[in-house]
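For the protein sequence lines, the chains are A and B, in the order given. The opening residue of the first sequence carries number -18 in my numbering; numbering runs sequentially from there. The opening residue of the second sequence carries number 54 in my numbering; numbering runs sequentially from there. Beta carbons: idealized from backbone N, C-alpha and C, even for Gly.
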Amino acid sequence: MEKDPILKQLIQKGNHDIPGRNLEDRIMEKVDFLVKMKQGQRKNLRISWFFLLFSLGLIPVVLIALPKTLLVHYLTESGSDLAGITGYMVPAATLIAAVLFLVQIDNLYRLTMRLR
Amino acid sequence: MDEDIIRKVIDGEIEEFRHLIRKYQRVSFNLARSIIKSDLTAEEAVQDAFVRAFQNLHKFRKKSSFSTWLYKIVLNESLKKINNQAFGSKITELPPGSAEIPSIDPEAIEHLHREEQKEVINQVLDSLKPSESLVLKLFYLEEKKLQEIKEITGFSLANIKVLLHRARKNFYDIYTEVTRVKH
Chain A
-18 MEKDPILKQL IQKGNHDIPG RNLEDRIMEK VDFLVKMKQG QRKNLRISWF FLLFSLGLIP
42 VVLIALPKTL LVHYLTESGS DLAGITGYMV PAATLIAAVL FLVQIDNLYR LTMRLR
Chain B
54 MDEDIIRKVI DGEIEEFRHL IRKYQRVSFN LARSIIKSDL TAEEAVQDAF VRAFQNLHKF
114 RKKSSFSTWL YKIVLNESLK KINNQAFGSK ITELPPGSAE IPSIDPEAIE HLHREEQKEV
174 INQVLDSLKP SESLVLKLFY LEEKKLQEIK EITGFSLANI KVLLHRARKN FYDIYTEVTR
234 VKH
């Protein structure tokens, strides 16, 4: 399509000026803010991953050894049915903890992907 | 050159982004100003567009030029500001007999000062429909090809041609009217 030289000349004369304070600086301020915010989020994310993995490492101790020991002690003292109660309480607690961990891992993974 | 800057920005040299802003802010503002008839809101749209471009720089695939990609973002941000008010809807052929472009006197504003000339032309451009003003600026100010205008606006090539023709005719009609008043 042919360009109309007269129209071209006229339109080029009518360039709008950007009003107000330096637009370039204002955009860079916003960009810097975004970058700093993202860096802060990344730092928090690293801490969250550390604590999650640290807690995961403690699972065998917290979920299996410790409650069982406490339960055995408590139930032996009170004369209750040891096998019956530990038979459903420990697996149930393990299942709840596993679901909570999986939800947390999923959330952290999504956040990590979003911040990449 | 743009690609070098983009690579640097993605690699963490954020300050390099300033070069892209400096290079494209004026045209971006003019494009936003075609859609939004307010300087302040157009400026906000340009700010938002550059921030969005920065956030999505890693998604720029180099299928088109950076300017085409950026202007598309500018257009989207501008349309958001006016809530997509019927932009580009009902692009129909010109009625028979009205397709003739009137002849104009380009010298009609030569006696005016530079700032006054600019004011007259901007007044004419502001009187056009947003879609007409936008395609005129992309075609004549930014010298984009029809295919690039298609990528930016999402209009078909046939519609762009109709818009350009109509915009040119309307520009000349309003220009003639405005310069007659100024004389």
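Evaluate residue i with the Cβ neighbour count: other Cβ atoms within 10 Å of its Cβ, from every protein chain shown; 16 or more gives buried, anything less gives exposed.
i                 : result
Asn83 of chain B  : buried
Tyr90 of chain A  : exposed
Ile40 of chain A  : exposed
Ile63 of chain B  : exposed
Ile272 of chain B : Because chain B here runs from 54 to 236, residue 272 of chain B falls outside it and cannot be looked at.
Arg219 of chain B : buried
Ser186 of chain B : buried
Tyr225 of chain B : buried
Ala79 of chain A  : exposed
Ala95 of chain B  : buried
Gly21 of chain A  : exposed
Gly100 of chain A : Outside the modelled stretch of chain A, which goes from -18 to 97, sits residue 100 of chain A, for which no answer is possible.
Asn3 of chain A   : exposed
Asn136 of chain B : exposed
Arg75 of chain B  : exposed
Ile28 of chain A  : exposed
Ile77 of chain A  : exposed
Glu130 of chain B : buried
Ser184 of chain B : buried
Lys197 of chain B : buried
Would you check if the distance between the CB atom of residue i and the CB atom of residue j is smaller than 8 angstroms?
i                   : j                   : result
Val80 of chain B    : Leu178 of chain B   : no
Ser117 of chain B   : Glu201 of chain B   : yes
Ile(-13) of chain A : Lys190 of chain B   : no
Glu204 of chain B   : Lys134 of chain B   : no
Lys17 of chain A    : Gln100 of chain B   : no
Gln170 of chain B   : Ile(-1) of chain A  : no
Ile8 of chain A     : Phe119 of chain B   : no
His(-3) of chain A  : Arg167 of chain B   : no
Leu217 of chain B   : Met(-18) of chain A : yes
His72 of chain B    : Ile59 of chain B    : no
Leu96 of chain A    : Arg23 of chain A    : yes
Can you find a C-beta in chain B that's less than 8 angstroms from the C-beta of residue i?
i                   : result
Met(-18) of chain A : yes
Arg91 of chain A    : no
Gln(-7) of chain A  : yes
Arg7 of chain A     : yes
Ile(-12) of chain A : The question names Ile, but residue -12 of chain A in the sequence shown is Leu. At least one chain B Cβ lies under 8 angstroms of Leu(-12) of chain A.
Lys11 of chain A    : yes
Asn(-4) of chain A  : yes
Asp(-15) of chain A : yes
Pro72 of chain A    : no
Leu4 of chain A     : yes
Quick check on DSSP: helix, strand or coil for residue i?
i                   : result
Gly207 of chain B   : coil
Ile40 of chain A    : helix
Arg71 of chain B    : helix
Leu110 of chain A   : Because chain A spans -18 through 97 in this model, residue 110 of chain A falls outside it and cannot be assessed.
Ile135 of chain B   : coil
Ile86 of chain A    : helix
Asn(-4) of chain A  : coil
Lys(-16) of chain A : coil
His166 of chain B   : coil
Met9 of chain A     : helix
Asn3 of chain A     : coil
Glu66 of chain B    : coil
Glu230 of chain B   : helix
Ser118 of chain B   : coil
Lys198 of chain B   : coil
Met54 of chain B    : coil
Lys182 of chain B   : coil
Using a C-beta to C-beta distance shorter than 7 angstroms, which residues of chain D count as neighbours of residue i?
i                 : result
Gln200 of chain B : The structure shown has no chain D; the protein chains it does contain are A and B.
If you measure from the beta carbon of residue i to each beta carbon in chain A, is any gap under 8 angstroms?
i                 : result
Tyr124 of chain B : no
Asn109 of chain B : no
Leu132 of chain B : no
Leu189 of chain B : yes
Lys171 of chain B : yes
Asn212 of chain B : no
Val104 of chain B : yes
Ile227 of chain B : no
Run through the segment 76 to 114 of chain B for me and flag every whole alpha helix (DSSP H) of 4 or more residues, listed as ranges in chain order.
92 to 108
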